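Listed in order, the protein sequences are those of chains A and B.
Quick note: the first sequence uses our numbering, first residue 5, plus one each step.
Quick note: the second sequence uses our numbering, first residue 5, plus one each step.
These notes are about the structure you will find just below.
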Amino acid sequence: MAGWFGGRSRAERMATLAALPLLLVLVWTVIYPNVAVILGSLGHWREFAESPSDVEALKNSIIIAVASVAASLAIGVPLAFLLTRFDFPGRTLLRAAALLPAALPPLVGVISFLFLYGDTGVITRVVQIALRLKDVPWHLNGIGAIIFIHAYTMYVYVYLFVSAGLERYEASLDEAAIGLGAGTIRRLTRVTLPLLTPAIAGSALLVFMSALGSFSAPYVFGGGVRVLSTQILNSKLNDAIGLAYVETTVLAISAVAGLLLFRWLEGKRAYVAAGKGGASRQTVRSRWARVGLATAAGLIVLVLVLPHLMIVLVSFAKDGAWTTQVLPPEYTTHNYAGLFTENQLWTPIRNSIVMSLLATAGNVVFCVAGAYLIVTRKFSGRRLLEALVALPWAIPGTAIALGLLATFNKNDLSMGKVLLVGTFWILPLAYFVRDIPLVSQAVEGSLKQMDPSLEPAARGLGASWWMAVRRVVLPAARPGIVAGALLACVTAVGEFVASIVLYTHGNRPISIEILAQLRSYAFGTASAYSALLIGLVLIMALAARFAESRMQ
Amino acid sequence: MSEGGAGLVVDRIVRDFSGQTAVDHVSFAVRPGELVALVGASGSGKTTTLRIVAGYEQPDTGRVLYDGQDITRLGPSKRDFGMVFQHYALFPHMSVAENVAFGLEARGVGRSERMQRASAALDRVGLGGKGTRMVQQLSGGEQQRVALARAAVIEPRLLLLDEPLSNLDPTLRQSTREELRMTLKESKAPALFVTHDQDDAFAIADRIVLLSRRRVLQDGTPEDLYDRPVNRDVATFIGHATLIPAQRNGELAIVSIAGATHRVELSSFTGIADGGNGAIVLRPEAVEIVRNDGGDRWSATVMARRFAGAQFVYRLRLDSDIAFDVASRERIEAGAVVAVRVTRPVPMVP
Numbered sequence: 005m006a007g008w009f010g011g012r013s014r015a016e017r018m019a020t021l022a023a024l025p026l027l028l029v030l031v032w033t034v035i036y037p038n039v040a041v042i043l044g045s046l047g048h049w050r051e052f053a054e055s056p057s058d059v060e061a062l063k064n065s066i067i068i069a070v071a072s073v074a075a076s077l078a079i080g081v082p083l084a085f086l087l088t089r090f091d092f093p094g095r096t097l098l099r100a101a102a103l104l105p106a107a108l109p110p111l112v113g114v115i116s117f118l119f120l121y122g123d124t125g126v127i128t129r130v131v132q133i134a135l136r137l138k139d140v141p142w143h144l145n146g147i148g149a150i151i152f153i154h155a156y157t158m159y160v161y162v163y164l165f166v167s168a169g170l171e172r173y174e175a176s177l178d179e180a181a182i183g184l185g186a187g188t189i190r191r192l193t194r195v196t197l198p199l200l201t202p203a204i205a206g207s208a209l210l211v212f213m214s215a216l217g218s219f220s221a222p223y224v225f226g227g228g229v230r231v232l233s234t235q236i237l238n239s240k241l242n243d244a245i246g247l248a249y250v251e252t253t254v255l256a257i258s259a260v261a262g263l264l265l266f267r268w269l270e271g272k273r274a275y276v277a278a279g280k281g282g283a284s285r286q287t288v289r290s291r292w293a294r295v296g297l298a299t300a301a302g303l304i305v306l307v308l309v310l311p312h313l314m315i316v317l318v319s320f321a322k323d324g325a326w327t328t329q330v331l332p333p334e335y336t337t338h339n340y341a342g343l344f345t346e347n348q349l350w351t352p353i354r355n356s357i358v359m360s361l362l363a364t365a366g367n368v369v370f371c372v373a374g375a376y377l378i379v380t381r382k383f384s385g386r387r388l389l390e391a392l393v394a395l396p397w398a399i400p401g402t403a404i405a406l407g408l409l410a411t412f413n414k415n416d417l418s419m420g421k422v423l424l425v426g427t428f429w430i431l432p433l434a435y436f437v438r439d440i441p442l443v444s445q446a447v448e449g450s451l452k453q454m455d456p457s458l459e460p461a462a463r464g465l466g467a468s469w470w471m472a473v474r475r476v477v478l479p480a481a482r483p484g485i486v487a488g489a490l491l492a493c494v495t496a497v498g499e500f501v502a503s504i505v506l507y508t509h510g511n512r513p514i515s516i517e518i519l520a521q522l523r524s525y526a527f528g529t530a531s532a533y534s535a536l537l538i539g540l541v542l543i544m545a546l547a548a549r550f551a552e553s554r555m556q
Numbered sequence: 005m006s007e008g009g010a011g012l013v014v015d016r017i018v019r020d021f022s023g024q025t026a027v028d029h030v031s032f033a034v035r036p037g038e039l040v041a042l043v044g045a046s047g048s049g050k051t052t053t054l055r056i057v058a059g060y061e062q063p064d065t066g067r068v069l070y071d072g073q074d075i076t077r078l079g080p081s082k083r084d085f086g087m088v089f090q091h092y093a094l095f096p097h098m099s100v101a102e103n104v105a106f107g108l109e110a111r112g113v114g115r116s117e118r119m120q121r122a123s124a125a126l127d128r129v130g131l132g133g134k135g136t137r138m139v140q141q142l143s144g145g146e147q148q149r150v151a152l153a154r155a156a157v158i159e160p161r162l163l164l165l166d167e168p169l170s171n172l173d174p175t176l177r178q179s180t181r182e183e184l185r186m187t188l189k190e191s192k193a194p195a196l197f198v199t200h201d202q203d204d205a206f207a208i209a210d211r212i213v214l215l216s217r218r219r220v221l222q223d224g225t226p227e228d229l230y231d232r233p234v235n236r237d238v239a240t241f242i243g244h245a246t247l248i249p250a251q252r253n254g255e256l257a258i259v260s261i262a263g264a265t266h267r268v269e270l271s272s273f274t275g276i277a278d279g280g281n282g283a284i285v286l287r288p289e290a291v292e293i294v295r296n297d298g299g300d301r302w303s304a305t306v307m308a309r310r311f312a313g314a315q316f317v318y319r320l321r322l323d324s325d326i327a328f329d330v331a332s333r334e335r336i337e338a339g340a341v342v343a344v345r346v347t348r349p350v351p352m353v354p
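As structure tokens, then:
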């Protein structure tokens, strides 16, 4: 009497069974490390509360995160409106350049700002000379500098989300508001912006999380400003590992609190405003407005391109020759040649590529299986699996690194511990954990677009499970798999935040080597590495776009 | 002041979209209290015309006047027109009442008064008590009525409706037509509505402006368009019609079918000189199948029969290429040859 219900529960049992190993991996690499950090923090909280620098760090981290959100919104929202709603000379160029900051790996962006706006930076010196100042016009350090670079790199999230929202925005809603007598301001504040709330809140959350966990900018521009992520590394280096665990816990709790706050704000406006789009771009006709907009577009493009240009320029500068001049005085191709011929310099490149490929391969296998179960199956534990694959996204990179440090620090199978810290494998594992949400989301997105009756239809035609997956499910998931894998690869190749906590001399990745070169004033070599990273990012982005267009 | 008369006057408007003419010298009027339908197939220019009247598009040449005042360049927010969009364009983040009150809010009406007026407007469209719902909780027909209430509550000088019934299912559509006509008549505001469906236009409009290929074909009452079409396009677009070549002879048309010559009485013959050629417009209700008793009968072959409830509808063939429909209660088999009589005067078109 297996009948209907027997059959269904068998399918459910099979799915639960298949999800079990995935859940185990997640519990082991995501949950357990966080528990270990919290356990390790016990007994050190008084130390944290009584340390003025830690309290200041918490305060600074939150101030920086909130200010970065405000700055990114102030840039990203108007830019999205300008580029989707208006047509003017220079629009196409500005639209392409608006995404450029996304092609800068975190540490590389910071370095380029140092070359441009630091005390000895090109722009700083040009302004100083132009205005005949005795001293440099500004110092690139402190909270202001950190927010400055965050605004530059993170407004892209806001711009992308709000642009997408505006593309889908139902044009007749605005027309209805106008027709009913609403002026521009009332239309924006009562109709357009409220309907874009999901896009704005979603991107603001992304900025908040990135800024809160940001490590490179505070680390390099540090200058006495303490934030939680850098405090964690300091405590770890000072062998105050207990305190580091407290700081990690505080950072993770702040991130999760921010996540819940934004989700709550978003939930208060639960509606879908997506329509068929159809707003036509308005051509700016007034001559003065055209000239003004074209000039502004040109200036913005320049500001957006400068960091990339600077990295490329300095990558050809002879190491040690650039001291007091505005621009590097001597140029050479030796920096690049060195990367590929000198063993010491080639090792980090090989490490980064091998480790990111390993992590990405793991991500693809793991996340495709997870997304397949989450999207196509109903079983107990589905929601848990869904939550766990998204969880690493809410945990700052430094906190993930500390968690792995607390878990994979010795061989003790009874405690579920394996010694990976100090070996080559700890970094691929860290990259794998950090990129699980990214790849999962991409694959789930593709699978959700698949008609859910396709797989049953294939089985009904006599296909085995494996044939149905191979011939029907995987082809449907392919755009997501390709996009997710390329994104994961890109972030892993340039990864810095977790790497600096966990690397060893043997597996040091590119980002760590860049920092080392910078410390020894080998700006040319550091920039050559950076240019290489930017090149890799651009190639992968183009590959992703090409793959996408091929598949449509 | 009263150039062009009271109400809306559209005067020879032309609109090009990057070299493609969308509207070509279109003129018509909507007089006070009148319900006018702008009818045409897709691509006929009717939506562009409506958007120009609303102010969302500007004509390249030509003018839009209201009560004699030139409003061609006036922004849509200043026209005091109420528009019902094809997909209603209800604000999804506002309640039903807030949607309806939005136009009053924009006019600076205080909160308590506008809520009161919104709720009265909702009562009038039969949605009293649903003001606190979110718009997504309403059915398509209810959303349509909210959109209508929202446009009407501002007491506009003119109501504009873009395909107001196209999103409703066929049964709902029938009943909504009569409701819509009553609501529009009660609101006293003149209304201009766009539709591709002639049945909507017949049921609702006092007057129909028929557009085809971006020009006005005919402007008149529904009866004018049905009984006195000015050309073949009007005759075939409006109602069900078969065109049969004919020659005018005074009040009669001479029709030759399969070698035999027949005379048919004409009801109208706009633009055809005596002795000129054209076509008569044969509608199903103007012919019947009769016994062959020696009068002026046409002989036709039954090609197909379809059951339509009260009667059968027969597809008959007169000549090799002329076929038309006739209704009859009698049961006749396909292939039979029958006699057919024209029962009333028919229009002739050039």
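Think of the CB as a built atom: it goes at the ideal place given N, C-alpha and C, for glycine as much as any other residue.
Here the structure is a predicted model, which is why all the values come from computation and not from measurement.
In this structure, DSSP gives Leu42/B an extended state, which the three-state scheme calls strand.
Contact of Ile66/A with chain B is not assigned, every C-beta pair being separated by 7 Å or more.
Annotated as distal: Gly185/A and Ser179/B, with beta-carbon spacing of 7 Å or more. By the neighbour-count criterion, in which a residue is buried when 16 or more other Cβ atoms sit within 10 angstroms of its Cβ, Leu423/A is exposed. Between Pro141/A and Ala102/A, the alpha-carbon positions lie close to 27 Å from each other. Within chain B, the C-beta atoms nearer than 7 Å to that of Ser176/A come from Phe89, His91 and Ala93, in chain order. With respect to Ala41/B, Met87/B sits apart: the two C-beta atoms are not nearer than 7 Å. Taking Cys371/A as the centre and dropping the five residues before and after it, the same chain places the C-beta of Val443, Ser444 and Val447 closer than 6 Å to its C-beta, in chain order.
Here Leu331/A is exposed, its C-beta having fewer than 16 other C-beta atoms within 10 Å. Here Gly49/B is near Leu215/B, since their CB atoms are less than 7 Å apart. Within 9 Å of the CB of Ile158/B, the CB atoms of chain A belong to Leu184 and Gly185, in sequence order along the chain.
Your pair Gly528/A and Val318/A checks out as a contact, with CB atoms roughly 6 Å apart and the cut at 8 Å. A direct Cα-Cα distance of roughly 20 Å separates Leu62/A from Leu43/A. When CB distances to chain A are screened at a threshold of 9 Å, the residues of the region 65-85 of chain B falling below it are Gly79, Pro80, Ser81, Lys82, Arg83, Asp84 and Phe85, in chain order. Assignment of beta-bridge partners to Thr20/A by DSSP yields no partner. Inclusion of Glu38/B and Pro233/B in the CB contact set at 7 Å is not warranted, their separation being larger than that value. The beta-bridge partner set that DSSP reports for Gln251/B consists of Ile258/B and Asn281/B. Collapsing the DSSP output to three states places Thr157/A in a helix. Non-local C-beta neighbours of Arg67/B in its own chain, meaning closer than 7 Å and more than five positions away in sequence, comprise Asp15, Asp74 and Thr76, ordered along the chain.
Residues of the region 95-109 of chain B with a Cβ closer than 7 Å to any Cβ of chain A, in chain order: Phe95, Pro96, His97, Phe106 and Gly107. Here the region 539-547 of chain A lies against the region 494-505 of chain A, with 3 or more beta-carbon pairs under 8 Å apart. Listed along chain A, the residues sitting closer than 9 Å to Ala58/B by beta-carbon distance are Glu179 and Gly183.
In this structure, Ile133/A sits away from Ser72/A, with a CB-CB distance that is not shorter than 7 Å. In the displayed model, Gly510/A falls within coil according to three-state DSSP, outside both helix and strand. The region 391-409 of chain A and the region 434-443 of chain A touch, with three or more beta-carbon pairs separated by less than 8 Å. Around the beta carbon of Lys414/A, fewer than 16 other beta carbons lie within 10 angstroms, which makes this residue exposed. At a C-beta separation below 9 Å, Pro198/A has these neighbours in chain B: Phe95, His97 and Met98.
For Tyr121/A, same chain residues with a beta-carbon under 7 Å away, outside a window of 5 residues either side, are Ile127, Thr128 and Leu144 in chain order. For the C-beta of Arg549/A, not a single chain B residue is nearer than 9 Å; the gap to the nearest is close to 28 Å.
Note that the region 241-258 of chain A does not touch the region 176-191 of chain A; fewer than 3 beta-carbon pairs, one per stretch, sit closer than 8 Å.
Our two residues, Asn347/A and Leu388/A, have alpha carbons roughly 46 Å apart in a direct line.
Contact annotation: Pro352/A and Ile514/A have beta-carbon atoms nearer than 7 Å.
Put simply, the backbone Cα of Ala391/A is about 19 Å away from that of Tyr435/A. Residues of chain A whose Cβ lies closer than 9 Å to the Cβ of Arg111/B are, in chain order, Leu184 and Gly185. For Tyr230/B, the enclosing alpha helix (DSSP H) has its first and last residue at Pro226 to Asp231. Using a Cβ-Cβ cut-off of 7 Å, Val140/A does not count as an interface residue toward chain B, since no Cβ of chain B sits closer than that to its own.
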